[in-house]
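Shown next, in structure tokens, is the structure this report addresses.
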Amino acid sequence: MLAECAVIEWVVEEEKRTYMERILYVDRPAGQLVVIALCDDALPIWKCLEDVADAIAAGRAFRRADPYAWHADPLPEFLEKHAERRDRGWELIKDLVGNEPGIFNPEIRGKLIREAVESLETDRTELYRLLRRYWIRGKIKNALLPSYDRCGAPGKTRTLVLRADGSFAKRGRPSKISRLYPDRPGVNVDNGIAAIFDCAIKLYYHKQNSRSLKDAYDQMLDKHFSVGMVQKDGIQVPVHLPPWEQPTYPQFRYWYEKKLDLQEAIIKRRGQKRFNLENRPILGSSTQMAFGPGSIFQIDATIADIYLVSTLNRSWIIGRPVVYFVMDVFSRMCVGLYVGLEGPSWAGAMMAIANATCDKVAYCAEYGIPIAEEEWPCHYLPAKILADRGELIGRNADNLPDNLDITVENCPPYRGDLKGIVEQQFHRTKEKSVVWLPGVVLKAKERGTKDYRLDAQLDLYQFTQVMIYTILEYNRFHWMDTYEKELDLIRDDVRPIPLELWEWGIQNRVGKLKERSPEVIKVGLMPQGEATVTERGIRFEGVFYDTERALREQWYVNARSNKTWTIPVSYDPRQTDVIYWRCGGTTVFEPCNIIKRDSRFTGCRVEEVQQFFALEKLKATENLSNERQAGAELRAKREQIVKDAQEMTRKDVPAGLSKKERLDKVKKNRADEKQRNRKAEAYDLRPLREKKGPATVHVLDSEQMTEAANDNLPMTAAEKRKRNLEFLERD
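Under my numbering, think of the first position of the sequence shown as 193, with each following residue one higher.
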């Protein structure tokens, strides 16, 4: 079925070329549709619906992926920067694009634009530019965002802004200190500080065998951002300026990377040979609100009145499941379902909306239920979603209008009656199925009766099977006595059964069903962020991930040369086990799995990981001042020791001693030094009174040898003492 926003590629064999068009509007009763070519000067044109369908069937045209799908998912920082510009454009054309199908008629369009030019005080060219951009890029508000390749000012230095009091405004994001103490905003990197940065990089970093960039930064603070020296243990130690009067390490690093010539830096630090070896480049009623299927979906959640057991161990009772229903207002068709343990939240709503757009044949097959496509033909996005206040109020839900062109409306508090269709579905499902299941919650327990929780028998999988069968029965056979049929429905003798109303609406009402690929829908529903490619892996929220493509393309080897970069990712906030790299802003996803080193975070929610690293960072910040001062003392003491050693060496080395003479005795000097060290370091655990120094060796003459031989003869103790004294007197 051809739906709004689908992209068609036409093949012109005679000219050996192709071109693409987007469907803007489908009028099934009239058998016509509106398309626009995907080029800058195109305008909408009408075509015969049957001709387009026949061309696709004959192979003269093909359905293609949306080349502008990435507009549904701009990076958060880019959206924040350009949202105001987008909104200004939207205010100019929102009334025009809402006038369908009139806006697609050239005469009516010309009249509407002339009126808009007068009332909005804008020019005709601007309105046509915005209309083309909106239509060509998928009829979403985000289509009015500027093109990515024309945005930003890469490589340009931002100028300082002079305040009225003569001071300069602090550039960049406010620091944590400035949020607590507004009078401590930090320092800007002006020409003077930039010159100090350049000098420090040359002196302390761009040298072979030099230390890290952080060490160069520390040395720079010692030399250029201290208020003087203080004596500690007889050594001069620099005293640093307060942190808010020093440039930060991120500023220093940014300046280095901005000026970086990577090849030159590696050669200076590691030498040409190592560069060549390791780094050389290798190339009313609810129904009245809806004109047709997809005009409005209602979504809500409830905690089912039944207790379930675990699939791992059926003796474990896991409590009551959460059930989400998504209902089409026009036909009362149940188009989406989610059964899980996530409380009413964005995570559950996300799963329910995704289910509403998925292929129901494949979904039912996952639960061992074979169905045909026509039994549950619901896999589209609506124009509007009506929800309860809660899960669809917040930052994630705010992305739906811009990313997927879905308007979100929330009922006021305590007004569940405004989404009565889905509320009725909960009641009907309970009466039709839930109350007949083991483990159902009873209204009142009498004293001494069995606890109904102990009757739990079904697991989550089996309960979902029951819900699917209940929905299939409802969609195909439920007769709605109270459904207010319009005159067209009465004329065509359409029975008030959800599936029949849906099919009639598809054929006779334009409706607002939209077709998007599953990837685009997931992109629009899942929260997005940025991950950093480093030599240790792909870092997101402090946790490291890996992907086969990164290993194959040697990302980590490249990042090892201080060339880290960021990639856009989508993630499920309920667990950190995997994130998804959105390859080049397209609809292609590459899963990135958590590495073994960070397996401690497996199964954790993203919020839990964020809290862990925030606490660790806060502790490190509290220790920063002490660490810097201790580092200054260490460097001062180290330099004093080196200075003393140099002075002692200068005094001890004879003036006329040549280099050759010094080097020739290295082996002998080392052996002598080793012997002295052995003697000094040897363990001697005897009592102090027994440590009398080295033993004396006596050399015996022939007479003494004879006497010693006689020692073997029996002698009294007094005789032995006398003999020993005589030996000593002879010495």
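Ideal placement from N, C-alpha and C gives every residue a C-beta, glycine not left out.
What separation, rounded to the nearest whole angstrom, lies between the Cα atoms of residue i and residue j?
| i | j | result |
| --- | --- | --- |
| D341 | K303 | The predicted model places D341 with a pLDDT of 47, which falls under 50 and marks its position as unreliable; any figure quoted below should be read in that light. Roughly 34 Å between the two C-alpha positions. |
| E201 | L650 | 49 Å |
| A457 | A546 | 49 Å |
| R209 | I328 | 20 Å |
| W538 | F483 | 28 Å |
| C240 | M212 | 17 Å |
| E299 | D279 | 27 Å |
| E567 | L664 | 7 Å |
| R301 | E307 | 10 Å |
| H416 | K859 | 44 Å |
| L504 | Q654 | 13 Å |
| E825 | L413 | 13 Å |
| P442 | P435 | 13 Å |
| S507 | A648 | 9 Å |
| A806 | R870 | 51 Å |
| R607 | Q490 | Unreliable placement is indicated for R607, whose pLDDT of 49 sits below 50; the coordinate value is still reported in the next sentence. When rounded, the distance between both Cα atoms is 13 Å. |
| C343 | Q803 | Below a pLDDT of 50, predicted positions are generally treated as unreliable, and C343, at 48, falls in that range; no measurement from the model is reported. |
| I237 | G294 | 12 Å |
| E449 | T724 | 15 Å |
| L475 | V531 | In this predicted model, L475 has a pLDDT of only 41, less than 50, meaning its place in the structure is not dependable; the value taken from the coordinates is given anyway. The alpha-carbon atoms of L475 and V531 are separated by roughly 50 Å. |
| K552 | E695 | 16 Å |
| T494 | Y559 | 22 Å |
| R687 | E676 | 11 Å |
| K624 | L592 | 34 Å |
| D927 | L693 | The structure shown has nothing for residue 927, since the chain only spans 193 to 923. |
| L372 | N383 | 28 Å |
| R316 | Q720 | 37 Å |
| D609 | D492 | At D609, the pLDDT of 48 sits below 50, so the modelled position is not reliable; the number obtained from the coordinates is stated separately. Each residue's Cα considered, the two are about 12 Å apart. |
Return the Cβ separation of residue i and residue j in integer angstroms, given the expectation that the two are a contact with Cβ distance under 8 Å.
| i | j | result |
| --- | --- | --- |
| G290 | F522 | Rounded, the Cβ-Cβ distance is 19 Å, inconsistent with contact. |
| Y661 | P690 | Not a contact, Cβ separation roughly 15 Å. |
| M542 | L717 | 5 Å |
| Y737 | C784 | 4 Å |
| I393 | A408 | 6 Å |
| D258 | V712 | 7 Å |
| V798 | T768 | 6 Å |
| L216 | V226 | 4 Å |
| A247 | V218 | Their Cβ separation, rounded to whole angstroms, is 16 Å, which puts A247 and V218 out of contact at 8 Å. |
| A575 | G486 | 6 Å |
| M659 | V515 | 7 Å |
Starting from the Cα of residue i, find the closest Cα among the options and give me that residue.
| i | options | result |
| --- | --- | --- |
| Q832 | D425, Y530, D685, L271 | D425 |
| M525 | Y572, N505, P266 | Y572 |
| A926 | T726, F732, I613 | The shown model of the chain, from 193 to 923, leaves out residue 926, and the question about it has no answer. |
| D265 | L596, R744, W628, R512 | L596 |
| L267 | W628, W773, V218 | W773 |
| W282 | N297, L312, R403, F270 | L312 |
| V381 | R744, A253, T440 | T440 |
| A253 | V244, Y260, A261 | V244 |
| L629 | K866, D497, S418 | D497 |
| M421 | F793, R827, Y516, E800 | R827 |
| F781 | R789, R792, C796, P760 | P760 |
| K829 | Q428, K811, F732, H398 | Q428 |
| P710 | A874, C550, W262, L433 | C550 |
| V419 | G511, E437, F732 | E437 |
| S817 | R220, D410, Q423, L652 | D410 |
| H274 | F618, G223, P338, I228 | P338 |
| N700 | D684, E707, T813 | D684 |
| I730 | S753, I787, R744 | I787 |
| E722 | K835, R862, T756, Q464 | T756 |
Just list the residues that DSSP pairs residue i with in beta bridges.
| i | result |
| --- | --- |
| A493 | Y516 |
| W538 | Answer by DSSP bridge pairing: none, since W538 is not bridged. |
| S418 | H432 |
| Q767 | Bridge partners of Q767: none, in fact. |
| E799 | DSSP, once it has assigned bridges, lists no residue as partnering E799. |
| S762 | Q720, Y772 |
| E530 | Strictly speaking, residue 530 in this sequence is Tyr, with Glu absent from that position. DSSP lists Y516 as partners of Y530. |
| K238 | Looking at the sequence shown, residue 238 is not Lys but Trp. W238 is bridged to V226. |
| F736 | R731 |
| V203 | T210 |
| I545 | BP columns for I545 are empty, so no partner. |
| L578 | Q490, E601 |
For residue i, would you say it is in contact with chain C, using Cβ-to-Cβ distances shorter than 7 Å as the test?
| i | result |
| --- | --- |
| I328 | Annotation note: the requested chain C is absent from the structure, which comprises a single protein chain. |
On the three-pair Cβ rule with 8 Å, is the region 226-235 touching the region 315-329?
The answer is yes - the region 315-329 touches the region 226-235, with three or more Cβ pairs under 8 Å.
On the three-pair Cβ rule with 8 Å, is the region 266-284 touching the region 330-337?
Inter-segment contact for the region 266-284 and the region 330-337 is present: three or more beta-carbon pairs are separated by less than 8 Å.
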